[in-house]
Structure formats: structure tokens, C-alpha cells
Amino acid sequence: MEIQKILTRYDSYLNMGKLKDAEALLLLSLQDAEEEGLYGARLTLLNELEGMYRTTGRARQAMEISEKALALISVLGLTGQEPHAVTLLNGATACRAAGENEKALQMYRRAEQILRDLGQEEGYSMTALYNNISQTYLDLQQPQQALHYQQQALTQIRKFPDTKAEEATTQISMVQSLLMLGRSEEAGHILEEAMAYYDTAEGQEDPHRSAAYAAAGEYAFRMGNYAAAEQDLQEALRLSLEYYGENDACEVIRKNLKAVQQRKNPQD
Numbered sequence: 001m002e003i004q005k006i007l008t009r010y011d012s013y014l015n016m017g018k019l020k021d022a023e024a025l026l027l028l029s030l031q032d033a034e035e036e037g038l039y040g041a042r043l044t045l046l047n048e049l050e051g052m053y054r055t056t057g058r059a060r061q062a063m064e065i066s067e068k069a070l071a072l073i074s075v076l077g078l079t080g081q082e083p084h085a086v087t088l089l090n091g092a093t094a095c096r097a098a099g100e101n102e103k104a105l106q107m108y109r110r111a112e113q114i115l116r117d118l119g120q121e122e123g124y125s126m127t128a129l130y131n132n133i134s135q136t137y138l139d140l141q142q143p144q145q146a147l148h149y150q151q152q153a154l155t156q157i158r159k160f161p162d163t164k165a166e167e168a169t170t171q172i173s174m175v176q177s178l179l180m181l182g183r184s185e186e187a188g189h190i191l192e193e194a195m196a197y198y199d200t201a202e203g204q205e206d207p208h209r210s211a212a213y214a215a216a217g218e219y220a221f222r223m224g225n226y227a228a229a230e231q232d233l234q235e236a237l238r239l240s241l242e243y244y245g246e247n248d249a250c251e252v253i254r255k256n257l258k259a260v261q262q263r264k265n266p267q268d
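In C-alpha cells form, the structure reads like this:
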């Protein structure tokens, strides 16, 4: 089995918006890997499938897939190794998407300890971990804790070359925390920096652009600029549907958009 060719084809399907074809490819490849006893390939494919289910609003299915992936870790003798940490990170993120935030934090903590034991405090996996922990604290309405991890992530990201995309993603998360903390002026400055990236050719192709516009909409709403908020949220919804299809994020955006429109047109 040529796993890299499968993943390249999978990415191609995603880029074309062919989600059903992408899912079918992973499921068929998983079946082949199981029949051939290719446990390493199965782990890779399960992690990809988990990510797909999570980002398309199927969090419970993503959790089930992550449990299968974690079961393979011991079979492969990878307990306590980096693939174990990465699989825990993926599983925790699935739990967070399903609203299981406390379970997610437990899994993130286990992943963090593994990476520290491996001496990878400065590695990219730890940066991803910080970002995911911060999102969990945002879900728990604990913006100060979230901001702490976002700042750590941003410091780490800036140590690596060519990470403008990752930097902008983290900055958008920081905007959410700062707005929740009532620090609108700081949020505005950071939002401006992040949106400068999303206005570039590279940024316009970045799927995180939808989250950026959602944050811009929230900022505009809090500043009383309801027309801009409505425009930004409509763009966020359009991009989210284009990149991911109908999912939970779309419902959140619609809810926020309705609130903006009610404030903009109170007589309606």
C-alpha cells in the first residue's frame, strides 16, 4: 500500500470539495490496510478520518475513530512516543468538538506530558497542543486561561520559518479571548495583523479564513458597527460552507448573524 499516494489523492478530493469521495477513499483504504495487516498505515488513515469527521461536524464519529487509533498505539509499541501524543491530541480535539471538554483537557495533558518527556517542548506538536488547549478553555468560558496558552503558542510559532498561516490562526483565537475579557482595543490591533495575512494570495486560499471573518464580525458587533458585522459574518458563513460543508460552526455563525441583524434592524 502506497500510503503517500492515498493521502495525496485524499487531499485532492478535499481541495475539490468532494467530501464523499474523500471519505470513501479513506474507508476503502482502511479496509485494505486491515486485510493486509498494515497497522502503521491504519493509524495514519484513522487519524485522517478522525480529522475529516471532526471538521465536518461529526464529532461523535470522530471520537469513535480516535479510540480505534489509540488502541493501535499499544499494538504498534508506540506508547509514550510522539505518534501517541499526536493521536491523543487528535482524540482530545474530537472530544472538544463533541462538547466533552473535561475529557479533552485530560487527553491534552497526557499528550503534553509525553512531549515534555521526549524533550519536545520547543517542537511544532507542542505549539499545536497549546492552541488546542486554548480553544478548550474558550469553550469553557475561561478566556484568561485561553489567552495564556495562545500567547505561548504564538511565541513558539514565531521560532519557526514560514509560519504566517499558523501565526494568523493563533491571532484570531487571541482576538476571541481578548473580546471576552473586554480588551477590545488590543483585539482590534491583533485582528488587523491577522487579516493582513488573509488578504494575501496565500491567505485567500486558507480554510481558516472563515474563522477570521467570524472573529472580525464579532469585533465589529462589539464596536457597534452592525453593517460591517453583518457583512463579515455573511462572508464567514459562505466560506465555512465552501470549505467544510454544513456543520456546527455554520449554526453558530447563523445565530450570531441573526443577533447582529436584530440589533441592526430592531423594528423587524
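Residue numbering for the sequence shown is 1 to 268, as defined by full-length UniProt numbering. Every residue gets a Cβ at the ideal spot worked out from N, C-alpha and C, and that includes glycine.
Rounded to the nearest whole angstrom, the CA to CA distance from L25 to Y10 is 7 Å. The beta carbons of L147 and M126 sit no closer together than 8 Å. Nearest C-alpha to Q142 among Q176, R209 and P161: Q176. Cβ atoms of T56 and Y197 stay farther apart than 8 Å, at about 25 Å. A check of alpha carbon separations from L233 across E48, T169, M16 and R254 identifies R254 as the nearest. Comparing alpha-carbon positions, the option among A22, L70 and G188 lying closest to Y13 turns out to be A22. Burial is judged here by how many other beta carbons sit within 10 angstroms of a residue's own beta carbon; E67 has fewer than 16 and is exposed. The stretch 107–148 contains, as complete alpha helix (DSSP H) runs of 4+ residues, the segments 124–139 (chain order). By the beta-carbon neighbour count (other beta carbons within 10 angstroms, threshold 16), V75 is exposed. Between I114 and G80, the beta carbon gap of about 6 Å places them in contact (Cβ cut-off 8 Å). C-alpha of C250 to C-alpha of E185: approximately 27 Å in a straight line. Listed in chain order, the alpha helix (DSSP H) elements of length 4 or more contained wholly in the stretch 59–86 are 59–75. Restricting attention to H189, E202, S29 and Y137, the CA atom closest to the CA of K5 is found in S29. Rounded to whole angstroms, the gap between the alpha carbons of L89 and R158 is 21 Å. Within its own chain, the residues whose Cβ lies closer than 6 Å to the Cβ of A92, once the five positions on either side in sequence are excluded, are A104, M107 and Y108, listed in chain order. Spatial neighbours of G51 in its own chain (CB-CB distance under 7 Å, excluding positions within 5 residues in sequence) are listed in chain order as N90. Counting along the chain, the unbroken alpha helix (DSSP H) around R209 starts and ends at R209 to R222. At the C-beta level, Q156 and E122 come within 8 Å of one another.
Within the model, the alpha-carbon separation for M223 versus I190 is close to 15 Å.
Comparing alpha carbon positions, the residue from Q231, N101, M1 and T87 closest to E35 is M1. A distance below 8 Å between beta-carbons, with the five flanking residues on each side excluded, links L178 to the following residues of its chain, in chain order: P143, L147, S184, E186, A187 and I190.
By the Cβ neighbour-count rule, G217 is buried, with 16 or more other Cβ atoms within 10 Å of its own. The DSSP-derived three-state label of R158 is coil.
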